[in-house]
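**Student:** Numbering (our numbering), first residue to last: 838 to 1358. Cβ atoms here follow ideal geometry from the backbone N, Cα and C, with glycine treated the same way.
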Amino acid sequence: MNRKEQLRKISTIAQFDLCIIGGGATGAGIALDASLRGLKVLLIDKYDFAGQTTSKSTKLIHGGVRYLEQAVKKLDWEQYKMVQKSLHERDTLIKNAPHLTRPLALLTPCYSWIEGIYLTIGLKLYEWIAGNHGIGASKWLSRKEALKTIPELKKEHLTSAVLYYDGQLDDARYCLAILQKAETLGATILNYAEAIRFEKDSQGKLTTLHINDTLNENTFLVQSKVFINATGPFADHVRKMANPKLKPRMKVSRGAHIVLPASLMKNETAILVPKTDDGRVLFIIPWQDHLLVGTTDEEDKLSENPALEQYEIPYLLSYVNRYLEKEVNPAEITSGFAGQRPLLGKAEKGSDTKSLVRDHEVEIDKNSQLVSIMGGKWTTYRLMAKDTIDQIYEHLWQQIPADCTSEHQLLHGAEGYRFDDWEKLSAQYQVPSEVAQHLMKKYGSFAEKVLKLTDNQPELKALIHPNHPFIKAEIVYTIQEEMAMTSKDILERRLGLALRDAKVAKESEEMVESFLVQFSR
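(1) Ignore the nearest five residues each way along the sequence and tell me which others in A998's own chain have a CB closer than 7 Å to its CB.
(2) Just list the residues that DSSP pairs N1049 with in beta bridges.
(3) Taking E1260 as part of the beta strand (DSSP E), name the residues at either end of that continuous run.
(4) Compute the Euclidean distance between the alpha carbons of I1026 and L1016, then round it to the nearest angstrom.
(5) Under the three-state reduction of DSSP, which class applies to I827: helix, strand or coil?
(6) Which residues mark the beginning and the end of the beta strand (DSSP E) in which A1107 is found?
(7) State buried or exposed for A1342, treating a residue as buried only when at least 16 other CB atoms are found within 10 Å of its CB.
(8) In three-state terms, what does DSSP make of A1222?
(9) Would you kindly report the start and end of the unbroken beta strand (DSSP E) that includes A825?
(10) Please classify W950 as buried or exposed, where buried requires at least 16 neighbouring CB atoms within 10 angstroms.
(11) Measuring alpha carbon to alpha carbon, tell me which residue in L960, F1120, L880, S1351 is nearest N1158.
(12) Using C-beta distances below 7 Å, list every residue in its chain close to R1358, excluding the 5 sequence neighbours before and after it, in chain order.
(13) Terminal residues of the continuous alpha helix (DSSP H) containing G866?
(14) Straight-line CA distance for L1058 to D854?
(15) Among R1086, L876, R1010, which has the Cα closest to the Cα of L1328?
(16) How many Å lie between L1097 and E1169 at the Cα?
(17) Is DSSP giving M1087 helix, strand or coil here?
(18) By the three-class DSSP mapping on this structure, what secondary structure does S1140 have?
(19) Apart from the five residues just before and just after A1024, which ones in its own chain have a Cβ nearer than 7 Å to its Cβ?
(20) Please list, in chain order, all residues of the same chain as T1225 whose beta carbon is under 7 Å from its beta carbon, the five residues on each side excluded.
(21) Tell me, to the nearest whole angstrom, how far the beta carbon of A1284 is from that of L1300; I am working on the premise that it is less than 8 Å.
(22) My guess is that T1217 and S923 are in contact by the Cβ rule of under 8 Å, so how many angstroms apart are they, rounded?
(23) Give the straight-line distance between the Cα atoms of Q1274 and P1085, rounded to the nearest whole angstrom.
(24) From the DSSP secondary-structure annotation, give me the bridge partner or partners of S1209.
(25) Reducing DSSP to helix, strand and coil, say where R939 ends up.
(26) Using beta-carbon positions only, say whether L1128 and L1101 come within less than 7 Å of one another.
(27) Please classify W1259: is it buried, with 16 or more other beta-carbons within 10 angstroms of its beta-carbon, or exposed?
(28) Taking a contact to mean a Cβ-Cβ separation below 7 Å, would you say L1336 touches S1090 in this structure?
(29) Please work out which residues of its chain come closer than 7 Å, Cβ to Cβ, to S894, disregarding the five sequence neighbours upstream and downstream, and give them in chain order.
(30) Would you tell me roughly how many angstroms separate the C-alpha atoms of I847 and A1019, rounded to the nearest one?
(31) Based on Cα-Cα distance, which residue from P1167, T890, E1244 lies nearest to T1068?
(32) Taking H994 as the reference, which of Y1160, Q1206, L1247 has the closest Cα?
(33) Evaluate T849 with the Cβ neighbour count: other Cβ atoms within 10 Å of its Cβ, from every protein chain shown; 16 or more gives buried, anything less gives exposed.
(34) Would you check if the distance between the CB atom of V1313 and the CB atom of L1290 is smaller than 7 Å?
(35) In this structure, what does DSSP give as the bridge partners for K976?
(36) Which residues does DSSP list as the beta-bridge partners of V1287?
Here it is, written out as structure tokens:
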């Protein structure tokens, strides 16, 4: 994707079918689904793609063990259906981008026999609900088996453990892969494009959007049949811009994470802390040669730049130290981040609202006809997109929706992907095995395209830093092929280095800035 080419495309299109505001997972999913249905699509984001909630997740694709517990305790059919749909979507996410996802084993330590029995029954039910979409069998582990699986577990009072499976994803790159696929199908995709204000017709319906290109500091207009608000926690801002009479709907929940060296837990099995002292669920997860610990969950004020706060570190470390034998101290933290979850308040009177599952909602404002998709979670992004477009067909266009085919759509980098091709790439381009494997996991079937950049510039094979498998060719590739416009785009979202190792990322900024000057086109 090239930004200048996207701007050129915009200038040639008199009217879009859909203009999507928001380039996170939900907006990206809508862009892909709509493009597959043959619609003319524009997607814009004020900053970079996946810049907010989407890239600040716990990197899990899950059906929701917590929701299942609530469904059973409260006999809540809606919660049960949400788990069922989420487990189906977990399978779909993994199949559609195998290079960016993987099944993840999670172990829950039990410190009483009753707890072990309770969790075993619950996770067997979780597995049963998944049915054909299961990705691994859950099982009860004896104390000896638990310590063999994770030797670093705290041994005192440990009686047994339960093992089950969910999925893991590279969230920022998964979102990018959705957008890249949409773009190949004809969608126009643009970052650093801020929605400024709407124009309306005589009936008050939205017709035109003023957009500020924040990189070039100029404003342009686009016309669209429908405008979609997919801005997550910022949904109320766009709703108010379309109709000042609308009441706020969104509340914000804060989730913070810390990142630790992988040496603290040398295996590929995660730990699930089923209930913290304040009733939360917490994970200690092997992630990209590190350990990811999170998340917190507390009400927060809306912010464009949420970050890990000092007061959150002792809370997260306390659970690491409660479950691991070796004491971990704050000096061992390599990075940390925080994101904000979009939570829904009560429905607006006079709006047409349709819910597919309890955790998200499509709102169509009857006056402006702005379509807002609110709430939701990563795992169900595709269902949220489908629901949004179906509602547009039915309620705005009075048509039977065209078929949704996104369930069986391989994403960018998944076509022809074989992880074992790393061996061929390593031999052909003379790069270390860990570099070749890393490239396959980041770029899938486009890994060789990254390495081809080194044909005429072998110096691009050099590592960005000796402690990490990233090479300089990746910086060039993200600039030229993935619309990375700033050093933060590259280090935080395209590569993910900043989330692994904040110190190394900071040291690399100057080099990345020089590459942006040299290789931008």
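**Tutor:** From the atom records:
(1) Taking the sequence shown and counting its residues from 1, the one referred to as residue 998 is at position 161. Cβ within range, chain order: L944, T945, P946, C947, L978, A983.
(2) As a first step, residue 1049 must be located in the sequence shown, where it is residue number 212. Paired residues: E1031, T1056.
(3) Counted from its first residue, the sequence shown places residue 1260 at position 423. Unbroken run through E1260 is the alpha helix (DSSP H), 1259 to 1266; no beta strand (DSSP E).
(4) Mapped onto the sequence shown, residue 1026 falls at position 189. Mapped onto the sequence shown, residue 1016 falls at position 179. Those two C-alpha atoms are separated by around 7 Å.
(5) What is shown of the chain runs 838 to 1358, which leaves residue 827 out entirely.
(6) Taking the first residue of the sequence shown as 1, we reach residue 1107 at position 270. Residues 1107 to 1110.
(7) One-based indexing of the sequence shown puts residue 1342 at position 505. Its Cβ being crowded by 16 or more others within 10 Å, A1342 is buried.
(8) Taking the first residue of the sequence shown as position 1, residue 1222 is located at position 385. A1222: helix per DSSP, three-state reduction.
(9) Any question about residue 825 goes unanswered here, given that the chain covers just 838 to 1358.
(10) Within the sequence shown, numbered from 1, the residue matching residue 950 stands at position 113. Exposed, because fewer than 16 other Cβ atoms sit within 10 Å of the Cβ of W950.
(11) Here residue 1158 corresponds to residue number 321 of the sequence shown, with the count starting at 1. Checked all of L960, F1120, L880, S1351; the closest Cα to N1158 is F1120.
(12) The count along the sequence shown starts at 1 and reaches residue 1358 at position 521. Taken in chain order, the residues that qualify are Q1317.
(13) The count along the sequence shown starts at 1 and reaches residue 866 at position 29. First-last of the alpha helix (DSSP H) with G866: 862 to 873.
(14) For the purposes of this step, residue 1058 is taken as residue 221 along the sequence shown, with counting starting at 1. For the purposes of this step, residue 854 is taken as residue 17 along the sequence shown, with counting starting at 1. Straight-line Cα distance between these residues: approximately 15 Å.
(15) Counting from 1 along the sequence shown, the entry for residue 1328 is found at position 491. Of R1086, L876, R1010, the residue nearest in Cα terms is R1010.
(16) Locating residue 1097 in the sequence shown gives position 260, where the first residue counts as 1. Locating residue 1169 in the sequence shown gives position 332, where the first residue counts as 1. Those two C-alpha atoms are separated by around 6 Å.
(17) Working through the sequence shown from its first residue, we reach residue 1087 at position 250. Strand at M1087.
(18) Within the sequence shown, residue 1140 is the residue found at index 303, counting from 1. If DSSP states are grouped into helix, strand and coil, S1140 belongs with coil.
(19) As a first step, residue 1024 must be located in the sequence shown, where it is residue number 187. A868, S872, V878, L880, listed in sequence order.
(20) Looking up residue 1225 in the sequence shown gives position 388. If we look at T1225 and ignore the five residues flanking it on each side, its Cβ neighbours are I867, I1065, V1199, V1208, I1210.
(21) Taking the sequence shown and counting its residues from 1, one reaches residue 1284 at position 447. Taking the sequence shown and counting its residues from 1, one reaches residue 1300 at position 463. Contact flag wrong, Cβ pair sits at about 16 Å.
(22) If you number the sequence shown from 1, residue 1217 lands on position 380. If you number the sequence shown from 1, residue 923 lands on position 86. Right, their Cβ atoms sit about 6 Å apart.
(23) Reading the sequence shown from its first residue, position 437 is the one you call residue 1274. Reading the sequence shown from its first residue, position 248 is the one you call residue 1085. Distance between the alpha carbons of Q1274 and P1085: 46 Å.
(24) Position 372 of the sequence shown, counted from the start, is the residue given in the question as residue 1209. Looking at the DSSP assignment, S1209 forms a beta bridge with N1066, E1200.
(25) As a working note, residue 939 is residue 102 in the sequence shown. Of the three classes helix, strand and coil, the one that applies to R939 here is strand, per DSSP.
(26) On the sequence shown, residue 1128 is found 291 positions in, with the first residue counted as 1. On the sequence shown, residue 1101 is found 264 positions in, with the first residue counted as 1. The answer is yes: Cβ separation under 7 Å.
(27) Here residue 1259 corresponds to residue number 422 of the sequence shown, with the count starting at 1. Result: buried.
(28) Working through the sequence shown from its first residue, we reach residue 1336 at position 499. Working through the sequence shown from its first residue, we reach residue 1090 at position 253. No; because the gap between Cβ atoms is not below 7 Å, this pair is not in contact.
(29) If you number the sequence shown from 1, residue 894 lands on position 57. Taken in chain order, the residues that qualify are D1008, G1176, W1215.
(30) Locating residue 847 in the sequence shown gives position 10, counting from the first residue. Locating residue 1019 in the sequence shown gives position 182, counting from the first residue. So the two alpha carbons sit approximately 15 Å from each other.
(31) By one-based count along the sequence shown, residue 1068 stands at place 231. For T1068, the nearest C-alpha among the options comes from T890.
(32) Position 157 of the sequence shown, counted from the first residue, corresponds to residue 994. Nearest option by C-alpha distance: Y1160.
(33) Within the sequence shown, numbered from 1, the residue matching residue 849 stands at position 12. It counts as exposed.
(34) The count along the sequence shown starts at 1 and reaches residue 1313 at position 476. The count along the sequence shown starts at 1 and reaches residue 1290 at position 453. Cβ atoms of V1313 and L1290: closer than 7 Å.
(35) Working through the sequence shown from its first residue, we reach residue 976 at position 139. According to DSSP, K976 bridges with L1000.
(36) Translated into positions along the sequence shown, residue 1287 becomes position 450. Looking at the DSSP assignment, V1287 forms no beta bridge with any residue, so it has no partner.
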